Amino acid sequence: MTILLIAAAFIAIAILVALVAMRAGPRKGPEPSGGNAGFAIFMVLIVVFGLGAPAYALVNNADTSPTEGKDGVELTTAQSEGRDMFIHNCATCHTLSDAGSTGMVGPNLDELRPPKALVVDAIAKGRARGMGQMPAGLVGGQDAENIGDYVSAVAGR
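Okay, so the sequence shown: first residue is 571 according to the numbering used here, each after it adds one.
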């Protein structure tokens, strides 16, 4: 929906600019031939690129999360969502090679290789050991389960 609003705004601005640019100022000399046809072609191009490019991107970028980990681990949909959540919420503090993270505050999950239950527990209760303090409840519910499932599937591989 956001892309369509941006595209509509782009088209409105482009039409306004085109109208001002093509109609501004007094004309000297004869009317150039094909003036209206050129304007029509210009407007069609604006509409095609203003709506076509965002629509194409919207249709073809529906799922950008890879379903395979870096070391060939096939990820489920939940694990793929867990990877996205991990990158957004956990990667700044934890090292996990599959996520491309090299955090230095929390434990290196590739070395620790935690089971899902430990990851979910750490997310729910937080941790206060080592170099920092992990707050409790960074994410909850299914998101925490998905992160735990993802980390346990790829850590150390």
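No residue lacks a Cβ here, since even glycine has one placed at the ideal position from N, Cα and C.
On a predicted model such as this, the values are computed, not experimentally measured, just so you know.
Q. Around the Cβ of His658, are there at least 16 other Cβ atoms within 10 angstroms (buried) or fewer (exposed)?
A. exposed
Q: Pull up the distance between the alpha-carbon of Ile611 and that of Val629, whole angstroms please.
A: Roughly 26 Å separates the two Cα atoms.
**Q.** Which of helix, strand or coil DSSP assigns to Leu586
**A.** helix
Q: Look up Ser671 in the DSSP assignment and give the residues it is bridged to.
A: Leu666
Q: Could you pull out every residue in the same chain whose Cβ sits closer than 8 Å to the Cβ of Met613, ignoring the five residues on either side in sequence?
A: Correct list, in chain order: Ile585, Ala588.
Q) Expressed to the nearest angstrom, what Euclidean distance is found between the alpha-carbon atoms of Ala714 and Gly652? A) 8 Å
Q | Limits of the unbroken alpha helix (DSSP H) element including Gly652 | A | Taken as a continuous stretch (DSSP letters only), the alpha helix (DSSP H) holding Gly652 covers 647 to 659.
(Q) Applying the 10 Å Cβ sphere with the 16-neighbour rule, what's the burial state of Tyr626? (A) exposed
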